[in-house]
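I have placed the structure first, in the form of structure tokens, so that the comments after it can refer back to it.
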């Protein structure tokens, strides 16, 4: 798996990359290499909760970052319908935050919709119904949305890309009382391989990964970072304007 | 300090209270008492970062919660202009999340406004300029906003309550590259004493508390909880509809 | 039919009432009486297109307006499915404006939704499908919406009052290429009788009135005014803040 | 003055062009020529109020429309500060509609802002203050806005193009109780010459044209159409998706 990101930082700006494979219990980084041209001394951090890693630096001019990794991502399994939805009382305290609405996921507005549309279902059954609804009602179509598009807007537009599918899925799950969080990943089974946005829901005492676009089997995904929504998991966050020069992701199953 | 919250939970619902005084290093809970009628067995949690405490239970019918505490809240000081704004590289990793936009604080939209209006200032100087701008341009006026009002809307409306002032202050600080988070508190110097929403910014290696309404000296505030915005610090969060029966806060300096 | 509107205009303000029965070909005002206490000299206008009448004055203090009318509203008929949708080329030029999005009806955002949901139908058939969809998906529930609620929000909320049903209906029709406009009316068959917001669509060379709430048979409605959306047909528009003192509508079939 | 618009209508769609010089009393079309390749039989209409002309047809494939005109646009004069703002009672009935909020001009939200910022001024003085505020606070910057951008968003973004400046100007005038409407024009003094969006306000018993961008002297503008906002004056409106092939405007003072 290999990602190349070349961006121009003009004027110079603080930047945060979230592109390294997470140190998540289920996936093992066998080999890893990070090269930047010109050389950059990054500050590297890792969060305890997810094993997500961030690289920070003050960047200037054109910077080409190449990241390569060989990963054994274990044996993720799809979400079974029989998982159990927890009362809020039975959730770990640190999971509660993923019930709250966020920048792109105004779940507070969708209570009536989920009750009317998915009423009578809970847990994995509810999530599967939500995923089915999304697949039936939202078209995968680049160019409809942009980086400001919220789940409310995608709900109206009926189209978007993986980021939008994920925001809508998270929104409908949280509105259903199910903790949900955004996950960034490498998807080697996309054509071509690419960064991918999917999400996780907390059911039966664990996080389960689902892909609302249905484009990439979760078994093949390699986790990078997680957060409330795209605001937290962007692969590149900067303070000022930056310009894409070139970007590519390649990956293959070994 | 004494808070009484009586709400009707009909139909029964999961509920989370965030009303206890935080175990924050700067403030000491000398005495404390929590009574509910009828009796409720709460699950109680405390987060490491802020010392915020949550009470969770499945509630039904009318529940009257009374919380009393005697607190020594130390000696908080106002924000000095000479504090230093950090490059992102110099921020603790756990502070980075408070740079991101959130449900009610779309700081991603305000970059040009803060550059034009507060350009040439950084750090505490920038924050003081932001607070001054808010005081000059926003009226404290109940009834203009509701629980869905975002900082974007308050920026247009030019009026709101403490929650709205706080969201706008957070938004303008984050847009300025300064980490900012919402804080709930007891304000015994408000007339009458009440819950209050204020915010903290990270400067010179620490969190500084500011009150964008200017209504309550920060020296007299007693911290309860913190989060990205009002979605995280509501004193009562429920899954279904609930109805306020009665609510009061009393407090006095000892 | 009798309407009493008592409002307090404090501070004094310009005001426009749209509460008189329209001089629409299909309905005949047999008797009519307008009384204000204190006396107000209104400027009265009538538009050519709809026969809508406006009353204008500069008002001050409490003003009680009573309007009584006896109306023969002819024999309106419900919308048949066999009506024909026109190409834009075949529309009268003055009807084109009702294809455009307006303040509360952002029809430009709903093109993909109407294509997916009502694709394969046109004309009266399409409109009937839209009305059926609204009845199945939107609850009539006061308190969910306010005077700023747009059709986009109602589409998410899945609830509202007659104004919201009408905005959503107009939005989905315009997005379908069918001219649609908002109409205010007296509905003597509502319980209790009240002002009502419904809408008209242009099909088979004429305007057809429909009630998306299904609460009042169109046969019993008495037209007042028409416009792009609620911004144009409010029964009272003022420049400053005003306060409702009392308002009532009574009506009976003679 | 010469405009060439080449668009691809695929799939075929109804289309409305508003690109001909208006038959407005103040401007005289000396010569005029319209050519389409391939040939199109347009339905042509002209409205009484403004003299705006619309061309309608069902179009298919690539259509190149060329419009040439020689116009004597009389002697428009800039807005003097001494113009008088009318009470609503003194406005012609047909002007009232331009007090209402519209799709891109939510003037209902800006009452407090205009009172605080422009309080104490009325009429031409108020409008000049509004134009000055816009010039000081909004940057002319292509790429920030798109066809969905409202005045609310431009007020936050602090940047946009002529369409956005016009929407914001209209919004602030209507919020001030001054009728305002959007106007499309040819601006031969822009570099390069282009379609331009400006607006008119009703003061001292007449419409006055102003350019909130300050880029083109109103004396040189040639009126095309008018309406509530961009939804009404687009030079090309279609039912389906269309694709720009080529577009150019050339103009010179004779």
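Residue numbers (the working numbering), protein chains in the order written: chain A, 771 to 1024; chain B, 771 to 1024; chain C, 771 to 1024; chain D, 771 to 1024. Yeah, the Cβ is synthetic: ideal placement off N, Cα and C, and Gly gets one too.
query: If you follow the alpha helix (DSSP H) that residue 943 (chain B) is in, where does it begin and where does it stop?; result: 932-945
query: Please list, in chain order, the residues of the region 864-887 of chain D that have any C-beta partner in chain B closer than 8 Å.; result: 879, 880, 882, 883 and 886
query: In chain order, what residues of the same chain have a beta carbon less than 6 Å from the beta carbon of residue 974 (chain A), not counting five sequence neighbours either side?; result: 853 and 854
query: Determine the burial state of residue 831 (chain C): buried for a count of at least 16 other Cβ atoms within 10 Å of its Cβ, exposed for fewer.; result: exposed
query: Can we say the region 982-998 of chain B touches the region 1001-1015 of chain A, given the rule of at least three CB pairs closer than 8 Å?; result: no
query: Which runs of the beta strand (DSSP E) at least 3 residues long sit entirely within the region 945-1014 of chain B? Give them in chain order.; result: 950-957, 964-973, 976-980, 991-997 and 1006-1008
query: Taking the alpha carbon of residue 892 (chain C) as the point to measure from, which residue in C:942, C:992 and C:809 has its own alpha carbon closest?; result: C:942
query: Helix, strand or coil for residue 883 (chain A)? Go by DSSP, reduced to three states.; result: helix
query: Between residue 783 (chain C) and the rest of its own chain, which residues show a CB-CB distance below 6 Å, the 5 nearest in sequence each way excluded?; result: 1008, 1009 and 1010
query: Counting only Cβ-Cβ distances shorter than 8 Å, please list the residues of the region 953-984 of chain D near chain C, keeping chain order.; result: none
query: At 9 Å on the CB atoms, spell out the chain D contacts of residue 817 (chain B), in chain order.; result: Under the 9 Å cutoff, chain D gives no residues; its nearest Cβ is about 33 Å from residue 817 (chain B).
query: At a CB-CB cut-off below 8 Å, which residues of chain A make contact with residue 786 (chain B)?; result: 858 and 866
query: Using C-beta distances below 6 Å, list every residue in its chain close to residue 796 (chain D), excluding the 5 sequence neighbours before and after it, in chain order.; result: 844
query: Would you report the Cα separation of residue 969 (chain B) and residue 938 (chain B), rounded to the nearest angstrom?; result: 10 Å
query: Work out the CA separation of residue 1021 (chain A) and residue 961 (chain A) for me, nearest whole Å.; result: 10 Å
query: Can you check whether the C-beta of residue 944 (chain B) is within less than 8 Å of a C-beta belonging to chain D?; result: no
query: According to DSSP, residue 806 (chain C) sits in a beta bridge with which residue or residues?; result: C:835
query: Skipping 5 residues on each side, what residues in its chain have a beta carbon closer than 6 Å to that of residue 990 (chain C)?; result: 958 and 959
query: Residues of chain A with CB under 7 Å from residue 813 (chain B), in chain order?; result: 859
query: Can you give me, in chain order, the residues of the region 819-847 of chain C that have a beta carbon less than 8 Å from any beta carbon in chain D?; result: 824, 826, 827 and 828
query: Establish whether the CB of residue 1025 (chain C) and some CB of chain A are separated by less than 8 Å.; result: The structure shown does not extend to residue 1025 (chain C), since chain C spans only 771 to 1024, so no value can be given for it.
query: Alpha helix (DSSP H) containing residue 905 (chain D): first to last residue?; result: 893-907
query: How would you write the range of the alpha helix (DSSP H) that residue 924 (chain B) sits in, first residue to last?; result: 921-927
query: State the Cα-Cα distance for the pair residue 1025 (chain C) and residue 897 (chain C), rounded to the nearest angstrom.; result: A question about residue 1025 (chain C) goes unanswered here, because the residues of chain C that appear run from 771 up to 1024.
query: Pick out whichever of B:860, B:786, B:837 and B:906 has its Cα sitting closest to the Cα of residue 799 (chain B).; result: B:837
query: Would residue 851 (chain B) and residue 785 (chain B) qualify as a contact pair, given that the criterion is a beta-carbon distance under 8 Å?; result: no
query: Looking at the strands, I want to know which residues DSSP matches up with residue 774 (chain D).; result: D:836 and D:1018
query: Please classify residue 865 (chain D): does DSSP put it in a helix, a strand, or coil?; result: helix
query: Among the residues of its own chain, which have a CB less than 7 Å from the CB of residue 964 (chain C), if the five just before and after it don't count?; result: 957 and 1019
query: Just to confirm my understanding: we take residue 791 (chain A), look at its own chain, exclude 5 residues before and 5 after, and list those with CB closer than 6 Å. What are they?; result: 799, 839, 841 and 992
query: Would you say residue 947 (chain C) lies against chain D (beta-carbon separation less than 8 Å)?; result: yes
query: Using three-state DSSP, classify residue 818 (chain B) as helix, strand or coil.; result: coil
query: Under 8 Å between the Cβ atoms of residue 824 (chain C) and residue 863 (chain D)?; result: yes
query: Under 8 Å between the Cβ atoms of residue 735 (chain B) and residue 919 (chain B)?; result: Limits of chain B in this structure are 771 at one end and 1024 at the other, which puts residue 735 (chain B) out of reach.
query: Determine the contact status of residue 955 (chain A) and residue 936 (chain A), defining contact as a CB-CB distance below 8 Å.; result: no
query: Quick check on residue 976 (chain A): buried or exposed, where buried means 16 or more other Cβ atoms within 10 Å of its Cβ?; result: exposed
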